[in-house]
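S.K.: One structure, pasted below without further comment.
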Amino acid sequence: MNQVIIINGPSCVGKTTIAKEICRQSNNKFIHLQIDQVGAFYSTIFPTEFKFAENEAGTENNDDRLKGRFNNNRLARRKIVALILLTTAKALLDKNFNIVIDTALDGLDAQELAKFYLKYLNGYKITFLRNLLSG
1 MNQVIIINGP SCVGKTTIAK EICRQSNNKF IHLQIDQVGA FYSTIFPTEF KFAENEAGTE
61 NNDDRLKGRF NNNRLARRKI VALILLTTAK ALLDKNFNIV IDTALDGLDA QELAKFYLKY
121 LNGYKITFLR NLLSG
């Protein structure tokens with residue numbers, strides 16, 4: 001059975017370095033997927049002024065009130081980014097690759113996002129390293 005390792009922790013603490021080392025030590029039997037790269041791709045999809053409808057399914061009470069692009073409905077945005085990442089992971093798993101994901105599930109929606117990851121990847125062997133590197 002193919003394996004997924006999810007490394008979760010705060011920004012800039014070495015998750016990517018650890019993920020790359022897992023790939024190296026496994027003789028490249030793992031493929032590394034980064035939430036940051038998927039997030040950068042996501043920002044090219046929607047126009048700067050795009051906002052989710054106020055009561056759109058999955059967006060309730062998730063306005064993070066940040067000043068900047070895509071500042072409404074944080075959970076809805078994060079689920080879209082996660083879905084891009086997880087769909088890619090699942091396609092690779094189905095082609096017999098192992099996956100290491102580095103991500104930052106934080107904030108008030110962290111538990112819901114973690115459950116979203118685990119539910120989407122249900123049926124695969126998952127190792128979830130949460131807050132491994134936080135103090």
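For the sequence shown, the UniProt record's numbering gives the first residue as 1, with consecutive numbering after it.
Backbone N, C-alpha and C define an ideal beta-carbon position, used for all residues, glycine too.
From a predicted model like this one, the values you see are computed outputs, not experimental measurements.
Can you list, in chain order, the residues of its chain whose CB lies under 6 Å from that of residue 110, leaving out five sequence neighbours each side?
M.R.: none
S.K.: Taking residue 3 as the reference, give the member of 100, 82, 106 and 116 with the closest Cα.
M.R.: The residue from 100, 82, 106 and 116 with its alpha-carbon nearest to that of residue 3 is 100.
S.K.: Consult DSSP for residue 108 and reduce its assignment to one of helix, strand or coil.
M.R.: In this structure, residue 108 counts as coil in the three-state DSSP scheme.
S.K.: Is the CB-CB distance between residue 5 and residue 127 below 7 Å?
M.R.: yes
S.K.: Taking the alpha carbon of residue 117 as the reference point, which residue from 83, 74 and 91 has its own alpha carbon closest?
M.R.: Residue nearest to residue 117 within the set 83, 74 and 91 is 83 (criterion: CA-CA distance).
S.K.: Using alpha carbons as the reference points, say which of 130, 44, 122 and 42 lies closest to residue 103.
M.R.: Among 130, 44, 122 and 42, the Cα nearest to that of residue 103 belongs to 130.
S.K.: Would a C-beta distance cut-off of 7 Å place residue 18 and residue 7 closer than the cut-off?
M.R.: It is a contact, given that the beta carbons lie within the stated cut-off.
S.K.: Could you spell out where the beta strand (DSSP E) holding residue 128 opens and where it closes?
M.R.: 125–130
S.K.: Given residue 96, which residues of its chain have a CB within under 7 Å of its CB, disregarding the five upstream and five downstream residues?
M.R.: 2
S.K.: Determine the direct distance from the alpha carbon of residue 81 to that of residue 42, and round the result to whole angstroms.
M.R.: Distance between the alpha carbons of residue 42 and residue 81: 6 Å.
S.K.: Is it the case that the Cβ atoms of residue 113 and residue 78 are separated by a distance below 7 Å?
M.R.: yes
S.K.: Can you pull the DSSP bridge partners for residue 100?
M.R.: 5 and 32
S.K.: Measure the alpha-carbon distance for residue 38 versus residue 85 and round it to whole angstroms.
M.R.: Each residue's alpha carbon lies about 6 Å from the other.
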